[in-house]
Amino acid sequence: MSQAQTMPAIAPSSASALQRGLRSARLRRIVRRLPHYLLLSVLAIITVYPFWWTLVTALSTTGDVYSFPPPLWPQDPSLVNFIEVFDTIDLLAFYKNSLLISGATVVGTLVICSLAAYPLARMQFPGRKLVFGAIIATMILPAEINFLVNFITVSKLQLTDSVTGVVLPNLAGAVGIFLMKQAFEAVPQDLIDAARVDGANEWEIFWKIMLPLAKPALGALAILTLVTAWNQYIWPSVVMTSPENFPLSVGVQYLSGSFSFKTRVVAAGAVLTVIPILIVFLFTQRYFLRGFDGAVK
Amino acid sequence: MAELKLKNLQKTYEDGPTVIHGIDLDIRDGEFMVFVGPSGCGKTTTLRMIAGLEDISGGELSIGQRRVNDVPAAKRGVAMVFQSYALYPHMTVRENMGFGLKLAKKPKAEINEAVERAAQVLQITHLLERKPKALSGGQRQRVAIGRAIVRKPDVFLFDEPLSNLDASLRVQMRIELAKLHKDLATTMIYVTHDQVEAMTLGDRIAVFNGGRIEQVGTPLELYQQPANQFVAGFLGSPKMNFLPAQLRSGSNSGSDIVLAGNTSITLPQQYRLQSGSPITLGVRPEHIAWQVQAGDNAIPASVDLVEHLGGEQIIYARADGMDAQIAFSLPSKETAPHRGERVWLKPELAACHLFDAAGLALPGSGQPYP
Numbered sequence: 001m002s003q004a005q006t007m008p009a010i011a012p013s014s015a016s017a018l019q020r021g022l023r024s025a026r027l028r029r030i031v032r033r034l035p036h037y038l039l040l041s042v043l044a045i046i047t048v049y050p051f052w053w054t055l056v057t058a059l060s061t062t063g064d065v066y067s068f069p070p071p072l073w074p075q076d077p078s079l080v081n082f083i084e085v086f087d088t089i090d091l092l093a094f095y096k097n098s099l100l101i102s103g104a105t106v107v108g109t110l111v112i113c114s115l116a117a118y119p120l121a122r123m124q125f126p127g128r129k130l131v132f133g134a135i136i137a138t139m140i141l142p143a144e145i146n147f148l149v150n151f152i153t154v155s156k157l158q159l160t161d162s163v164t165g166v167v168l169p170n171l172a173g174a175v176g177i178f179l180m181k182q183a184f185e186a187v188p189q190d191l192i193d194a195a196r197v198d199g200a201n202e203w204e205i206f207w208k209i210m211l212p213l214a215k216p217a218l219g220a221l222a223i224l225t226l227v228t229a230w231n232q233y234i235w236p237s238v239v240m241t242s243p244e245n246f247p248l249s250v251g252v253q254y255l256s257g258s259f260s261f262k263t264r265v266v267a268a269g270a271v272l273t274v275i276p277i278l279i280v281f282l283f284t285q286r287y288f289l290r291g292f293d294g295a296v297k
Numbered sequence: 001m002a003e004l005k006l007k008n009l010q011k012t013y014e015d016g017p018t019v020i021h022g023i024d025l026d027i028r029d030g031e032f033m034v035f036v037g038p039s040g041c042g043k044t045t046t047l048r049m050i051a052g053l054e055d056i057s058g059g060e061l062s063i064g065q066r067r068v069n070d071v072p073a074a075k076r077g078v079a080m081v082f083q084s085y086a087l088y089p090h091m092t093v094r095e096n097m098g099f100g101l102k103l104a105k106k107p108k109a110e111i112n113e114a115v116e117r118a119a120q121v122l123q124i125t126h127l128l129e130r131k132p133k134a135l136s137g138g139q140r141q142r143v144a145i146g147r148a149i150v151r152k153p154d155v156f157l158f159d160e161p162l163s164n165l166d167a168s169l170r171v172q173m174r175i176e177l178a179k180l181h182k183d184l185a186t187t188m189i190y191v192t193h194d195q196v197e198a199m200t201l202g203d204r205i206a207v208f209n210g211g212r213i214e215q216v217g218t219p220l221e222l223y224q225q226p227a228n229q230f231v232a233g234f235l236g237s238p239k240m241n242f243l244p245a246q247l248r249s250g251s252n253s254g255s256d257i258v259l260a261g262n263t264s265i266t267l268p269q270q271y272r273l274q275s276g277s278p279i280t281l282g283v284r285p286e287h288i289a290w291q292v293q294a295g296d297n298a299i300p301a302s303v304d305l306v307e308h309l310g311g312e313q314i315i316y317a318r319a320d321g322m323d324a325q326i327a328f329s330l331p332s333k334e335t336a337p338h339r340g341e342r343v344w345l346k347p348e349l350a351a352c353h354l355f356d357a358a359g360l361a362l363p364g365s366g367q368p369y370p
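Encoded structure:
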């Protein structure tokens with residue numbers, strides 16, 4: 001007898017009862033999750049609203065910038081403020097500088113943080129916990145505390161007004177080391193043992209096994225570093241002295257002149273600064289979230 | 001191929017306990033040696049010391065006449081198959097299997113040839129371009145074995161390789177492993193806590209307990225002539241029945257022993273122990289017959305439970321005056337007593353084991369072993 005023949009047919013009444021049951025279960029699930037959705041929606045509005053306000057301000061050509069409540073949609077929308085940005089500053093040169101600084105910071109951070117994290121995660125040596133504790137402790141200090149000593153160091157190394165001067169102090173961050181350490185710790189010991197029996201030395205284990213397996217964390221760290229490096233303002237403005245070397249975040253300050261302050265043009269500059277990083281993040285947020293999975297397990 | 005010599009091998013963790021207390025063992029060239037024992041007995045630690053994945057705290061380890069205590073894992077001529085398979089998830093099956101040769105900087109053609117050959121032996125040629133996540137448990141295990149074969153090691157090390165597989169696949173892989181050993185004729189060391197695997201695969205078995213080897217021998221030797229109560233109890237399912245007893249007297253015709261509950265049994269052998277010495281009588285379930293009437297050398301008992309396993313049935317009975325439950329087995333075609341029935345259990349006297357108060361087998365007890 002075939003399987004189809006042995007299967008009892010579902011009566012129409014029981015099928016509709018099943019559907020009703022599924023519908024009510026779905027409804028109950030939605031009701032149960034409603035508070036979560038509400039809370040998340042409020043948080044999303046609070047987070048996104050400043051960006052939205054900046055975009056609305058940049059696109060509007062009329063009305064009071066500081067009116068309250070602020071308008072939700074652009075008034076007489078136009079791209080005139082964006083055009084003025086391009087007319088006022090050499091935006092492409094600033095983009096190029098930002099790309100150079102951010103790219104170098106990302107590559108350097110991935111190299112330094114993964115090299116620092118591997119022994120902390122996988123090697124036994126005296127003082128390992130102390131070293132890691134000291135690195136983590138730096139997370140509670142505001143970055144500005146380091147400015148003075150970093151500036152003196154960069155000056156002594158004659159690296160002021162250079163990309164290296166901006167990039168160097170940002171390469172070994174506690175967050176990056178922590179993230180990579182967690183990723184390396186998540187790799188099963190058996191894989192390392194198997195590689196060792198296969199003849200891999202410590203460097204080959206790191207390069208051929210650990211790093212490929214830590215790709216999600218590397219991706220997350222790359223995105224996080226890119227966003228931070230792209231948006232950083234104070235340190236590059238301290239180190240860079242020649243305007244032609246300014247990154248975008250510092251360069252847009254030229255939009256606010258000494259005697260006039262055009263808020264809409266500055267807002268347009270801010271939007272132009274944020275857009276590239278926003279696009280990168282939109283395409284890579286999947287990797288970003290996956291990378292953090294390991295860190296919060 | 002290579003023989004291994006473990007001389008007083010010890011392992012002590014830094015600021016921690018000693019887990020291996022001086023192991024002496026010779027493993028012959030081409031032998032299939034099984035390390036068996038309960039969890040935490042030190043069998044895997046010993047295997048990892050042989051592999052070079054754990055430092056050796058004391059003693060000497062030689063592989064093929066060469067002292068390898070301080071030789072790195074890769075240069076010991078060993079390949080290891082892990083319980084978790086330990087396949088590199090970012091590499092294809094082909095890359096996994098060829099990884100060792102690639103590290104050894106072998107030419108690409110040679111690597112490909114070796115991988116294809118091993119894949120053919122293990123019937124995984126069609127899987128070579130897949131990633132491990134696209135494989136079933138059994139296929140992963142084959143790849144792990146293939147990765148070991150490709151390196152043509154002197155010694156294969158298996159760390160509970162079948163324990164993550166389901167029961168039927170485990171039986172199939174067990175048969176294939178035995179065949180593989182026959183084909184390759186290479187020394188293999190196999191760690192398991194499964195006594196069926198140990199009994200079926202091993203040329204010889206080393207029974208581990210508490211970081212020591214209790215006994216080494218062929219499967220049948222260990223089963224029929226266990227050196228002590230631990231080995232006797234560990235091998236065999238259901239396990240050997242242990243009944244507390246006293247040696248009453250010895251005569252030319254044999255030895256009388258009295259079980260708790262005052263049942264007397266006369267064994268054919270003579271034992272050099274003082275009368276009144278506490279001993280333990282060990283009887284395997286298949287060496288017990290039952291009857292409905294009292295008789296000589298018969299232990300009165302009541303049936304607690306009858307388990308039907310298909311091919312055989314296991315009967316659990318509680319002996320009079322004893323806390324111990326006695327298990328005995330019967331072929332399924334034979335009539336078994338009913339639950340609650342009063343029975344008399346007759347141990348096969350020539351197959352009885354006697355253990356002294358320290359749990360050591362008394363010389364002359366146990367089944368005759370050639």
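If you read the protein sequences in the order shown, they are chains H and W. full-length UniProt numbering puts the first residue of the first sequence at 1, with every later residue one more than the last. full-length UniProt numbering puts the first residue of the second sequence at 1, with every later residue one more than the last. We put the beta carbon where it would ideally sit given N, CA and C, even for glycine.
Separation of residue j from residue i, as counted between CA atoms
| i | j | result |
| --- | --- | --- |
| Ser168/W | Glu348/W | 34 Å |
| Gln270/W | Ile315/W | 31 Å |
| Asp183/W | Val121/W | 10 Å |
| Asp296/W | Val196/W | 35 Å |
| Lys368/W | Gln224/W | The question names Lys, but residue 368/W in the sequence shown is Pro. So the two alpha carbons sit approximately 7 Å from each other. |
| Phe132/H | Leu120/H | 7 Å |
| Ser302/W | Gly321/W | 11 Å |
| Val56/H | Ile192/H | 54 Å |
| Gly146/W | Glu204/H | 21 Å |
| residue 364/H | Asp198/H | With chain H covering 1 to 297 only, the question about residue 364/H has no answer from this structure. |
| Gly202/W | Thr44/W | 16 Å |
| Ala294/W | Pro300/W | 7 Å |
| Ser102/H | Asn231/H | 9 Å |
| Ala222/H | Val163/H | 18 Å |
| Arg286/H | Val227/H | 15 Å |
| Ala144/W | Leu360/W | 40 Å |
| residue 372/W | Arg33/H | The structure shown has nothing for residue 372/W, since chain W only spans 1 to 370. |
| Gly59/W | Thr18/W | 13 Å |
Limits of the alpha helix (DSSP H) - the one that residue i falls within
| i | result |
| --- | --- |
| Gln101/H | It is Ile, not Gln, that sits at residue 101/H in the sequence shown. From DSSP, the alpha helix (DSSP H) with Ile101/H extends over 91-122. |
| Asp304/W | No alpha helix (DSSP H) holds Asp304/W; the beta strand (DSSP E) holding it covers 299-308. |
| Ala195/H | 189-198 |
| Trp230/H | 215-231 |
| Phe132/H | 128-137 |
| Val71/W | First-last for Val71/W: undefined, no H or E at that position. |
| Thr192/W | Looking at the DSSP string, Thr192/W is not in any alpha helix (DSSP H); the run it does join, the beta strand (DSSP E), is 187-192. |
Extent of the continuous beta strand (DSSP E) to which residue i belongs
| i | result |
| --- | --- |
| His181/W | Here His181/W belongs to no beta strand (DSSP E); instead the alpha helix (DSSP H) covers 167-184. |
| Glu312/W | 312-319 |
| Gly59/W | 58-63 |
| Phe208/W | 204-209 |
| Gln10/W | 4-12 |
| Pro347/W | 342-347 |
| Pro331/W | 325-331 |
| Tyr223/W | Careful: Tyr223/W lies outside any beta strand (DSSP E), inside the alpha helix (DSSP H) at 219-224. |
| Val155/W | 155-159 |
| residue 305/H | Residue 305/H lies beyond the stretch modelled for chain H, which goes from 1 to 297, so this question has no answer here. |
| Ser155/H | Ser155/H -> not in any beta strand (DSSP E); alpha helix (DSSP H) instead, spanning 147-156. |
| Val258/W | 254-259 |
| Ser264/W | 264-267 |
| Val19/W | 18-27 |
| Thr280/W | 278-283 |
| Ala358/W | No beta strand (DSSP E) contains Ala358/W, which DSSP labels as neither H nor E. |
Closer than 6 Å: residue i CB and nearest the ligand HEM heavy atom
| i | result |
| --- | --- |
| Val239/H | Ligands in the displayed structure: none, and consequently the ligand HEM is not present. |
Inset, instruction - Using a Cβ-Cβ cut-off of less than 7 Å, list which residues of the region 179-207 of chain H approach chain W; keep chain order. - result: Pro188, Asp190, Leu191, Asp193, Ala194, Arg196, Val197, Asp198, Gly199, Ala200, Glu204
Count Cβ pairs between the region 111-126 of chain W and the region 71-82 of chain W that sit closer than 8 Å; are there 3 or more?
no
Exercise for the section: Using a Cβ-Cβ cut-off of less than 7 Å, give me the residues of the region 90-104 of chain W that come near chain H, in sequence order. Expected result: His90, Phe99, Gly100, Leu103, Ala104
Notebook entry, point to check: Between the region 72-83 of chain H and the region 242-249 of chain H, do three or more beta carbon pairs fall short of 8 Å?
Noted result: no
Worksheet entry | Chain-ordered residues of the region 147-160 of chain W with a beta carbon less than 7 Å from chain H | none
Checklist line | alpha helix (DSSP H) segments (min. 4 residues) lying fully within the region 85-142 of chain W | finding: 93-103, 108-122
| Looking at chain W, which residues of the region 207-228 of chain H have a Cβ within less than 7 Å of any of its Cβ atoms? | Ile209, Pro212, Leu213
| Using 8 Å as the threshold, is the region 131-139 of chain W in touch with the region 104-116 of chain W, meaning 3 or more CB pairs across them? | no
Three-pair Cβ contact test at 8 Å for the region 268-281 of chain H versus the region 49-66 of chain H:
yes
Decide if the region 206-215 of chain W is in contact with the region 41-58 of chain W; the criterion is three or more beta carbon pairs, one per stretch, under 8 Å apart. yes
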